[in-house]
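Colleague: Numbering (the UniProt record's numbering), first residue to last: 1 to 373. The C-beta atom is built at its ideal place from N, Cα and C for all residues, glycine as well.
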């Protein structure tokens with residue numbers, strides 16, 4: 001018959017390391033805080049270049065424990081290090097066993113690592129002022145991020161002012177030299193979210209999403225209809241920017257500098273092509289009058305091929321002027337059309353009134369003529 005045997009206890013996942021106790025020394029210094037330090041490392045912990053250091057404040061409150069669980073669950077990875085700081089503002093009495101309290105707190109912190117991540121935990125059980133102690137430990141460990149818990153209460157008026165003075169999380173947000181994450185309990189966060197969802201001043205965007213079945217119009221299939229940005233070349237974009245701002249011509253890549261050699265080459269290329277396509281024939285030498293007229297023609301040709309360089313600012317000013325003139329013409333045309341319509345309407349009404357008067361007069365004259373006859 002098989003017998004049941006008891007399973008051996010699980011091995012310790014964390015290894016205890018050397019601790020430092022500076023509490024009996026007395027007053028703390030810049031590089032020697034008044035604290036009792038404990039360190040525990042996971043058996044699979046290996047530090048690397050990608051390892052990060054996080055600092056978190058712990059105490060007996062529930063929101064502090066929640067912040068610790070959030071850090072171990074969502075932020076910490078294998079190879080990271082956590083600096084847990086417990087600050088006692090009241091001096092520790094010699095007869096009180098603070099070392100045993102620190103070891104119990106370290107065991108609680110290790111028990112929160114439910115995902116069994118290979119991390120290193122350092123507990124700083126310090127005595128002193130809360131703000132000064134954290135600033136001192138931040139300078140010693142230089143962590144990547146500071147995580148603090150909060151009660152999740154939002155007070156206004158005088159109570160909010162007093163609460164801001166006594167709130168450690170707000171102090172960290174204002175004065176911490178490193179990034180700070182304030183962890184709020186889920187019940188407080190969901191309650192605040194529900195309150196925001198019922199606020200009528202915040203319903204416009206939610207109503208638009210509800211009208212489109214919770215999808216933004218940019219995510220719909222018809223989003224390709226809207227062209228948010230036309231595909232233009234970099235030179236064209238630079239040209240538009242230069243024209244809009246009024247930059248000189250050297251900032252516009254589409255405007256090339258004037259080169260006399262290119263102009264002469266353009267003038268000579270058509271004549272060369274035409275001469276090659278024609279048959280050679282003997283002609284009499286030109287007369288002086290013809291030579292003079294040829295020189296004059298060549299001068300006119302030179303004048304025709306002259307190119308005047310115009311800056312982009314002048315081009316933009318001319319375009320604006322032309323646009324203004326066109327708009328003015330359109331406004332004048334609209335005014336004339338309106339005046340003509342008004343005159344036509346008044347003329348028609350006057351004609352109708354005259355016709356009515358004529359009808360009335362004819363009706364009045366009819367009986368009189370009949371009586372006379």
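(1) Is residue 119 near residue 82, with beta carbons less than 9 Å apart?
(2) Give the DSSP bridge partners of residue 55, in chain order.
(3) Could you check if residue 345 is buried or exposed, using at least 16 other CB atoms within 10 Å of its CB as the buried criterion?
(4) Are residue 106 and residue 121 touching if we call contact CB-CB under 9 Å?
(5) What are the start and end residues of each continuous beta strand (DSSP E) run of 3 or more residues lying completely inside the region 90–128, in chain order?
(6) Checking the sheet assignment: what are the DSSP bridge partners for residue 20?
(7) Any C-beta of chain D sitting closer than 9 Å to the C-beta of residue 150?
(8) What is the rounded straight-line gap between the Cα of residue 163 and the Cα of residue 133?
(9) Label residue 312 either buried or exposed according to how many other C-beta atoms from any shown protein chain fall within 10 Å of its C-beta, with 16 as the threshold for buried.
(10) Could you work out which residue in 187, 167, 124 and 103 is closest to residue 36 when comparing CA atoms only?
(11) Apart from the five residues just before and just after residue 14, which ones in its own chain have a Cβ nearer than 8 Å to its Cβ?
(12) Could you spell out the range, first to last residue, of the alpha helix (DSSP H) harbouring residue 76?
(13) One question on the structure: do residue 149 and residue 67 come within less than 9 Å of each other, judged by their Cβ atoms?
(14) Between residue 79 and residue 46, which are expected to be in contact by the criterion C-beta below 8 Å, what is the C-beta distance as a whole number of angstroms?
(15) What residues in its chain sit with their C-beta under 7 Å from that of residue 75, if we drop five residues either side in the sequence?
(16) Name the residue from 59, 63 and 204 whose alpha carbon lies nearest to the alpha carbon of residue 88.
(17) What are the residues that DSSP puts in a beta bridge with residue 182?
(18) Taking residue 147 as the reference, give the member of 171, 326 and 209 with the closest Cα.
(19) Applying the 10 Å Cβ sphere with the 16-neighbour rule, what's the burial state of residue 23?
(20) To the nearest angstrom, how far is the alpha carbon of residue 140 from that of residue 29?
(21) Pull up the distance between the alpha-carbon of residue 253 and that of residue 244, whole angstroms please.
(22) What number of angstroms, rounded off, separates the C-alpha of residue 101 from the C-alpha of residue 38?
(23) Kindly identify the DSSP beta-bridge partner or partners of residue 88.
(24) If you draw a straight line from the C-alpha of residue 20 to the C-alpha of residue 34, how long is it?
Modeller: Considering the structure as presented:
(1) Residue 119 is a Cβ neighbour of residue 82, given a cutoff of 9 Å.
(2) For residue 55, which the question treats as bridged, DSSP gives the partners 83 and 146.
(3) exposed
(4) Taking 9 Å as the cut-off, the Cβ atoms of residue 106 and residue 121 count as close.
(5) 120–127
(6) 37
(7) Chain labels in this structure do not include chain D; a single protein chain is all it has.
(8) Its pLDDT being 48, under 50, residue 163 is placed unreliably in this model, and the value from its coordinates should be taken loosely. For residue 163 and residue 133, the distance between alpha carbons rounds to 21 Å.
(9) Around the beta-carbon of residue 312, 16 or more other beta-carbon atoms lie within 10 Å, marking it buried.
(10) 124
(11) 40, 41, 42, 43, 110 and 121
(12) Here residue 76 belongs to no alpha helix (DSSP H), and DSSP marks it neither H nor E.
(13) yes
(14) Confirmed, about 6 Å.
(15) 54
(16) 59
(17) The beta-bridge partner set that DSSP reports for residue 182 consists of 148.
(18) 171
(19) buried
(20) 12 Å
(21) 14 Å
(22) 11 Å
(23) BP columns for residue 88 point to 127.
(24) 10 Å
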